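Number of protein chains: 2
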Amino acid sequence: MGKLKGNVLIGQSGGPTAVINQSLLGVIEQARRDPRVRQVLGARHGVRGMLEDKFVRLDKQPAVALAAIAKQPGAALGSVRKKPTEEECVRIVEFCRKRDVRWLYYIGGNDSAETAQLLEKVAERSTWEMQLFHVPKTIDNDLCETDHCPGFGSAARFVALALMGDDLDSRALPGIKLDVIMGRNAGWLTAASALARVRADDGPHLVYVPERSFDLEAFARDVEAVRQRLGRCVVAVSEGVRGADGKTVAVTKEVDAHGNAVLSGSGALGDFLAAELKRRLGDKLRVRADTFGYLQRSFYGCVSSTDAREARAVGRAAVRFAREGGPRSGSVVIRRIPGKTYRVEYGWVELERVAHVTQSLPERYLGRGADVSEEFLAYARPLVGGLPRPVVLP
Amino acid sequence: MGKLKGNVLIGQSGGPTAVINQSLLGVIEQARRDPRVRQVLGARHGVRGMLEDKFVRLDKQPAVALAAIAKQPGAALGSVRKKPTEEECVRIVEFCRKRDVRWLYYIGGNDSAETAQLLEKVAERSTWEMQLFHVPKTIDNDLCETDHCPGFGSAARFVALALMGDDLDSRALPGIKLDVIMGRNAGWLTAASALARVRADDGPHLVYVPERSFDLEAFARDVEAVRQRLGRCVVAVSEGVRGADGKTVAVTKEVDAHGNAVLSGSGALGDFLAAELKRRLGDKLRVRADTFGYLQRSFYGCVSSTDAREARAVGRAAVRFAREGGPRSGSVVIRRIPGKTYRVEYGWVELERVAHVTQSLPERYLGRGADVSEEFLAYARPLVGGLPRPVVLP
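Residue numbers (my numbering), protein chains in the order written: chain A, 1 to 394; chain B, 1 to 394.
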């Protein structure tokens with residue numbers, strides 16, 4: 001790369017997280033330290049703002065406002081779910097030329113990495129020299145190459161605290177409780193529910209992830225076995241659980257009869273599973289289902305301090321990697337440093353290794369039956385920040 | 001009353017709250033200061049423990065364990081939903097005689113106040129002299145005689161923080177978002193969603209409570225009007241909304257076709273309303289529904305400091321009111337002291353004024369259209385503790 005000088009452009013894309021604005025701030029503060037950078041622009045709603053020439057001067061915002069925004073859920077620039085066409089990519093590079101943008105940072109998940117990759121290909125062929133970095137975020141934790149994703153720790157914290165409280169609620173008023181947790185293709189967030197356990201009889205007693213095939217009959221049998229043993233059963237189940245045929249439970253015929261097949265933003269799966277349990281185990285059972293839905297990413301006031309710190313750091317790291325003589329593009333990854341104490345370092349990989357691919361829970365993180373492994377718990381525990389340890393009367 | 005000496009018995013009943021254990025601690029600590037009190041017993045699962053002679057010696061628990069329990073959601077003694085028969089009341093009074101219980105404190109909602117009243121009538125006719133106090137709790141805030149109920153402030157805080165985050169999420173990815181909130185007969189908790197607003201265009205943009213009749217056509221029209229104006233619409237709707245015929249929307253024929261008619265622990269109402277909006281306003285609209293469910297009372301880590309303090313105080317107050325020469329029975333109430341600064345005092349009323357009756361949102365707390373009034377916001381604001389003020393980029 002030549003000796004670039006010019007403006008920085010930041011976009012946010014995909015589902016917001018509790019800490020996506022920390023990454024925004026990370027990019028802003030690191031970019032403003034760079035003497036080559038003139039202005040720091042924020043595209044409204046990601047690539048849509050670039051296509052419509054809608055942006056905000058982030059370097060003109062009061063420091064106190066930016067500091068507040070870093071702590072807020074939601075995507076402060078506005079987000080978008082859009083894969084630009086080749087023609088749109090050309091227009092976006094033209095927008096960058098017009099606005100003197102030499103560095104583009106796109107904060108998002110694997111689809112956003114793909115968008116960055118598409119843009120990079122077009123930029124490479126153009127006469128406009130620029131660097132493009134993908135800054136990772138996703139509550140789903142399903143990006144490849146990275147140890148974990150900014151956004152996951154806070155969502156996992158929400159899930160763990162929800163299950164911890166739910167287990168205490170279930171001890172008070174026993175019954176069968178189902179909690180449907182986000183994660184269409186990967187069970188990371190559902191698996192994090194197991195962090196709620198302190199004692200052997202704490203819930204969740206059963207954890208169902210999409211990585212293992214889901215069978216209604218086995219499910220009912222598992223639940224009944226726990227209920228016989230403990231007088232109650234708390235279940236964490238991923239919205240994306242699938243039958244042996246690979247179809248999600250929520251799009252089988254049985255569920256269509258119960259309504260919508262949309263997974264998030266719908267209580268259909270939970271209601272369906274609750275009805276199935278009643279049908280199989282008895283109508284008089286107290287069965288309740290909660291679908292945690294968007295609260296998992298948007299609840300205001302549930303942030304993992306580790307997650308917040310790392311989300312900020314990946315934003316800063318992206319700007320550092322886009323140095324003079326550095327790579328033209330890449331995606332920031334978090335690498336865990338082996339050792340007893342949790343420590344990480346930040347690196348980068350080529351966009352193609354992250355774009356459009358996802359990482360499921362590996363076999364070693366799955367436990368026997370409907371559960372996760374100890375190894376998963378050791379992996380996930382440092383990510384969610386300190387958790388309370390509920391006390392139960394003897 | 002004579003000069004009673006003996007044991008204290010505490011029970012918890014009905015749905016748990018984030019602070020019901022604060023009230024438990026309040027009773028324990030005040031009772032242990034009373035030289036007339038020998039032991040402090042906790043009945044397991046309320047009246048059921050009294051019928052089955054199952055209890056725990058609370059005065060033998062380590063102080064550090066009790067202090068931790070005070071901060072936990074759930075009902076640490078176990079709860080129950082049970083109205084004892086007259087014969088069972090007789091057996092419970094016999095249990096009290098056998099266990100030398102002279103003071104019974106029952107922590108719960110209006111049904112629990114009724115249980116206390118039934119027990120009191122039987123106790124009055126018996127030769128066993130004792131005092132019975134109801135200690136109020138309910139996230140629904142629907143008890144009569146009291147300014148507000150312990151448990152409401154924390155649940156209202158959860159709802160306000162959820163809506164605040166949801167509004168930021170909706171700004172990032174605009175669409176129509178429905179949030180279904182607990183409260184079968186009274187809209188207090190749904191109304192509290194309006195505390196999430198800071199700016200004029202903040203959500204929730206529409207608030208539907210059971211106190212006003214709910215019409216699907218008007219609902220769709222309201223939503224569309226907001227969407228036309230702001231490009232998005234965030235709606236808070238009570239699980240108990242009713243049509244003009246007085247029937248809840250969730251038990252009309254349309255909803256039966258969508259599944260379960262249970263209000264809490266089911267996503268049926270939200271899914272039904274989302275489907276209706278799509279049908280009426282267009283299939284391509286992005287409509288999502290979340291049903292907050294039990295998280296509202298059980299999420300671990302969302303407590304209003306005001307609520308926690310007052311829940312502790314009503315427990316203590318109950319013990320003080322059950323003094324020598326004081327009333328045989330009663331229910332503790334919170335009275336707001338008029339003035340610019342929020343202050344309360346604690347009083348008591350006869351059980352019959354609280355038992356089995358509920359308090360809906362009064363007309364003055366309802367605003368024009370689907371909204372609450374400024375007066376409601378002034379009433380509710382001090383109860384939820386300090387809230388963040390999200391910043392939005394210009």
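Note that CB positions come from ideal geometry on N, CA and C, so glycine has one too.
Quick caveat, the model's predicted, so the values are computed rather than measured.
(request) For the region 114 to 192 of chain A, list the beta strand (DSSP E) runs that are entirely contained and at least 3 residues long, ordered along the chain. (result) As far as the region 114 to 192 of chain A is concerned, its whole beta strand (DSSP E) runs of at least 3 residues are 131 to 136, 176 to 181.
(message) Does the beta-carbon of Tyr294 (chain A), which I'm using as the reference point, lie nearer than 8 Å to any heavy atom of the ligand PLP?
(response) With respect to the ligand PLP, the structure shown offers nothing to examine, as it has no ligands at all.
(request) Please go through the same chain and pick out, in chain order, the residues whose beta-carbon is closer than 8 Å to the beta-carbon of Arg171 (chain B), but skip the five residues on each side of it. (result) Residue 171 (chain B) sits at position 171 when you count from the first residue of the second sequence. Closer than 8 Å at Cβ, skipping near neighbours: Arg232, Val392.
(message) My assumption, with CB atoms under 8 Å, is that Gly165 (chain A) sits in contact with Gly267 (chain B). Please give the rounded CB distance.
(response) For the purposes of this step, residue 165 (chain A) is taken as the residue at position 165 of the first sequence. For the purposes of this step, residue 267 (chain B) is taken as the residue at position 267 of the second sequence. Distance from Gly165 (chain A) to Gly267 (chain B) at the Cβ level is roughly 19 Å; contact not present, criterion being Cβ atoms closer than 8 Å.
(message) If I measure Cβ to Cβ from Gly42 (chain B) and keep anything under 7 Å in the same chain, skipping five residues before and after, which residues do I get?
(response) Numbered from 1 along the second sequence, position 42 holds the residue referred to as residue 42 (chain B). By the criterion of a C-beta distance shorter than 7 Å, Gly42 (chain B) is surrounded in its chain by Ile10, Phe55, Val56, Leu58, Leu77, once the five residues flanking it on both sides are discounted.
(message) Check whether chain B comes within 9 Å of Ala289 (chain A), counting only Cβ atoms and requiring the distance to be less than that.
(response) Within the first sequence, numbered from 1, the residue matching residue 289 (chain A) stands at position 289. It does; some Cβ of chain B falls within 9 Å.
(message) If you follow the alpha helix (DSSP H) that Thr306 (chain A) is in, where does it begin and where does it stop?
(response) The residue labelled residue 306 (chain A) in the question sits at position 306 within the first sequence. Going by DSSP, Thr306 (chain A) is part of the alpha helix (DSSP H) stretching over 305 to 321.
(message) One question on the structure: do Val319 (chain B) and Gln30 (chain B) come within less than 9 Å of each other, judged by their Cβ atoms?
(response) Stepping through the second sequence from its first residue, residue 319 (chain B) is reached at position 319. Stepping through the second sequence from its first residue, residue 30 (chain B) is reached at position 30. With contacts defined by Cβ atoms closer than 9 Å, Val319 (chain B) and Gln30 (chain B) form a contacting pair.
(request) Look at Pro210 (chain B) and Arg242 (chain B) and say whether their C-beta atoms are less than 9 Å apart. (result) One-based indexing of the second sequence puts residue 210 (chain B) at position 210. One-based indexing of the second sequence puts residue 242 (chain B) at position 242. Cβ distance < 9 Å, so Pro210 (chain B) and Arg242 (chain B) count as in contact.
(message) Closer than 8 Å between beta carbons: that is the criterion. Which residues of the region 87 to 119 of chain B meet it against chain A?
(response) So nothing in the stretch comes that close.
(message) Is the beta carbon of His148 (chain A) closer than 9 Å to that of Leu351 (chain A)?
(response) Indexing the first sequence from 1 puts residue 351 (chain A) at position 351. Indexing the first sequence from 1 puts residue 148 (chain A) at position 148. At least 9 Å separates the beta-carbon of Leu351 (chain A) from that of His148 (chain A).
(message) Going by DSSP in three states, Tyr346 (chain A) sits in which element: helix, strand or coil?
(response) Residue 346 (chain A) sits at position 346 when you count from the first residue of the first sequence. Secondary structure of Tyr346 (chain A) (DSSP, three-state): strand.
(message) At the level of alpha carbons, what is the spacing between Arg370 (chain B) and Val226 (chain B)?
(response) For the purposes of this step, residue 370 (chain B) is identified with residue 370 of the second sequence, where counting begins at 1. For the purposes of this step, residue 226 (chain B) is identified with residue 226 of the second sequence, where counting begins at 1. Per the sequence shown, the amino acid found at residue 370 (chain B) is Ala instead of Arg. Each residue's alpha carbon lies about 12 Å from the other.
(request) Using beta-carbon positions only, say whether Gly153 (chain B) and Glu310 (chain B) come within less than 9 Å of one another. (result) Against the second sequence, residue 153 (chain B) aligns to sequence position 153. Against the second sequence, residue 310 (chain B) aligns to sequence position 310. Judged by beta-carbon spacing, Glu310 (chain B) lies within the 9 Å limit of Gly153 (chain B), meaning their Cβ atoms are closer than that value.
(message) I need the DSSP call for Asp290 (chain B), collapsed to helix, strand or coil.
(response) By 1-based counting over the second sequence, the position of residue 290 (chain B) is 290. In the structure shown, Asp290 (chain B) sits in a strand (DSSP, three-state: E or B).
(message) For a contact defined as C-beta to C-beta under 8 Å, what are the partners of Pro16 (chain A) on chain B?
(response) By 1-based counting over the first sequence, the position of residue 16 (chain A) is 16. Using a Cβ-Cβ cut-off of 8 Å, Pro16 (chain A) is close to Leu168, Asp169, Ala172, Leu173 of chain B, given in chain order.
(message) Tell me the DSSP secondary structure of Tyr208 (chain B) in three-state form.
(response) Position 208 of the second sequence, counting from 1, holds the residue named residue 208 (chain B). Note: Tyr208 (chain B) maps to strand in three-state DSSP.
(message) Buried or exposed for Arg102 (chain A), going by 16 or more other Cβ atoms inside 10 Å?
(response) Counting from one through the first sequence, the residue named residue 102 (chain A) turns up at place 102. The residue is buried, with at least 16 neighbouring Cβ atoms inside 10 Å.
(message) Can you confirm whether Ala322 (chain A), when its beta carbon is compared against all beta carbons of chain B, has any partner nearer than 9 Å?
(response) For the purposes of this step, residue 322 (chain A) is taken as residue 322 along the first sequence, with counting starting at 1. Not one chain B Cβ lies under 9 Å of Ala322 (chain A).
(request) Please state if the CB of Leu161 (chain B) and the CB of Ala395 (chain B) are separated by a distance shorter than 9 Å. (result) Within the shown structure, residues of chain B are numbered from 1 to 394, placing residue 395 (chain B) beyond reach of any answer.
(message) Among B:Asp100, B:Asn110, B:Thr85, whose alpha-carbon lies nearest the alpha-carbon of Gly426 (chain B)?
(response) Summary: the structure shown does not reach residue 426 (chain B), with chain B confined to residues 1 through 394, and so no result is reported for it.
(request) Sort A:Ala18, A:Ala113, A:Lys60, A:Arg33 by Cα distance to Val357 (chain A) and report the nearest one. (result) Reading the first sequence from its first residue, position 357 is the one you call residue 357 (chain A). Nearest C-alpha to Val357 (chain A): A:Ala113.
(message) Among the candidates A:Val80, A:Arg323, A:Phe214, A:Phe321, whose CA atom is the shortest distance from the CA of Met50 (chain A)?
(response) As a working note, residue 50 (chain A) is residue 50 in the first sequence. Nearest C-alpha to Met50 (chain A): A:Val80.
(request) Whole angstroms is fine: what's the gap from Gly385 (chain B)'s alpha carbon to Ala155 (chain A)'s? (result) For this step, residue 385 (chain B) is matched to residue 385 along the second sequence. For this step, residue 155 (chain A) is matched to residue 155 along the first sequence. Approximately 24 Å, taken between the alpha carbons.
(message) Would the region 114 to 128 of chain A count as touching the region 63 to 71 of chain A if we require 3 or more Cβ pairs under 8 Å?
(response) With the cut-off at 8 Å, the region 114 to 128 of chain A and the region 63 to 71 of chain A do not touch.
(request) Could you work out which residues of chain A lie near Leu9 (chain B), taking near to mean beta carbons separated by less than 8 Å? (result) Your numbering for residue 9 (chain B) matches position 9 in the second sequence. Those do not exist, as Leu9 (chain B) stays about 15 Å from chain A at its closest Cβ, beyond 8 Å.
(request) Could you name the residues of the same chain whose beta carbon sits closer than 7 Å to that of Gly403 (chain A), not counting the 5 residues immediately before and after it, in chain order? (result) Chain A is shown from 1 up to 394; residue 403 (chain A) falls before or after that span and cannot be answered.
(message) Tell me the rounded alpha-carbon separation between Val93 (chain B) and Ser193 (chain A).
(response) Taking the first residue of the second sequence as 1, we reach residue 93 (chain B) at position 93. Taking the first residue of the first sequence as 1, we reach residue 193 (chain A) at position 193. Roughly 43 Å between the two C-alpha positions.
(request) May I ask you to list, following chain order, the residues of the region 293 to 308 of chain B that have a beta carbon less than 8 Å from some beta carbon of chain A? (result) Cβ contacts with chain A come from Gly293, Tyr294, Leu295, Arg297, Ser298, Phe299, Tyr300, Gly301, Cys302.
(message) Could you tell me the alpha carbon to alpha carbon distance between Arg36 (chain B) and Lys5 (chain B), rounded to whole angstroms?
(response) Within the second sequence, numbered from 1, the residue matching residue 36 (chain B) stands at position 36. Within the second sequence, numbered from 1, the residue matching residue 5 (chain B) stands at position 5. Going by the C-alpha atoms only, they are around 5 Å apart.
(request) Verify the CB distance criterion: does Leu383 (chain B) have a CB-CB separation below 9 Å to chain A? (result) Position 383 of the second sequence, counting from 1, holds the residue named residue 383 (chain B). Chain A places no beta carbon closer than 9 Å to that of Leu383 (chain B), leaving this residue out of the contacts.
(request) Confirm, please, whether the CB-CB distance from Arg381 (chain A) to Ala18 (chain A) is below 9 Å. (result) Position 18 of the first sequence holds residue 18 (chain A). Position 381 of the first sequence holds residue 381 (chain A). Between Ala18 (chain A) and Arg381 (chain A), the gap from beta carbon to beta carbon reaches 9 Å or more.
(request) Would you mind telling me which residues of chain B sit closer than 8 Å to Pro136 (chain A), beta carbon to beta carbon, in chain order? (result) Against the first sequence, residue 136 (chain A) aligns to sequence position 136. Listed along chain B, no residue sits closer than 8 Å to Pro136 (chain A) by beta-carbon distance, the nearest being about 17 Å off.
(request) Provide the residue span of the beta strand (DSSP E) that contains Gly38 (chain B), from first to last. (result) Taking the first residue of the second sequence as 1, we reach residue 38 (chain B) at position 38. Per the sequence presented here, residue 38 (chain B) reads as Arg, with Gly not at that position. Start and end: 37 to 43.
(request) Taking C-beta pairs closer than 7 Å, name the residues in chain A that Gly270 (chain B) reaches, listed in chain order. (result) Within the second sequence, the letter at position 270 stands for residue 270 (chain B). Contact note: Gly270 (chain B) reaches chain A through Gly267, using a C-beta cutoff of 7 Å and chain order.
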